[in-house]
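Just below is one structure, and these are the notes that go with it.
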Amino acid sequence: MGVSGPIRVVVAKPGLDGHDRGAKVIARALRDAGMEVIYTGLHQTPEQVVDTAIQEDADGIGLSILSGAHMSLCTRVLELLKERDAADIKVFCGGIIPPEDIVELKAMGVADIFTPGTPTTEVVAWVTANLRAAG
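Below you can see the structure in the form of structure tokens.
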């Protein structure tokens, strides 16, 4: 994880979900708040997401998942981060995620979950407060 400069966030669309408007809105909001954002594009595997986060020295990974595969995708991303000695990279998610799954995801290690309708200012404030403080 980087120690100086702006907060670096990988915004990713893992799995087969092809709806990326929300991910792009969050990526732009984080960028406009002074963060460096690496957007991976659609249809990324958990391996690709984790590889990108490590290569880009990211402070966090924001996963956008609307496909219903949030449990398996988040589990795999967290496992890969641990396997690659990168568990210090915080993972947060956005998407259509049932309340009962939010509890389980947080227990697994997902730092926070943002559901549809969350203001971008709330996401920016959370990232600023919970990822490494900017340089």
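Here our numbering is used: the first residue of the sequence shown is 191, the next is one more, and so on.
We treat Cβ as the ideally placed atom computed from N, Cα and C, and that holds for glycine.
Given the structure is predicted, the values throughout are model-derived calculations rather than measurements.
key: Three-way DSSP call (helix, strand, coil) for Ile287 in this model   = coil
request  = May I have a chain-ordered list of the beta strand (DSSP E) segments no shorter than 3 residues that lie completely inside the stretch 232-316?
outcome  = For the stretch 232-316, whole beta strand (DSSP E) runs of length 3 or above, ordered along the chain, are 250-255, 280-285 and 302-304.
inquiry  = By alpha-carbon positions, which one of Thr305, Gly285 and Pro196 ends up nearest to Asp247?
reply    = Distances from the alpha-carbon of Asp247 to those of Thr305, Gly285 and Pro196 put Pro196 closest.
key: Assigned secondary structure, Ala223 (DSSP; H/G/I helix, E/B strand, else coil)   = coil
query = Pro204 bridges to which residues according to DSSP?
reply = Gln234
query = His260: buried (16+ other C-beta within 10 angstroms of its C-beta) or exposed?
reply = buried
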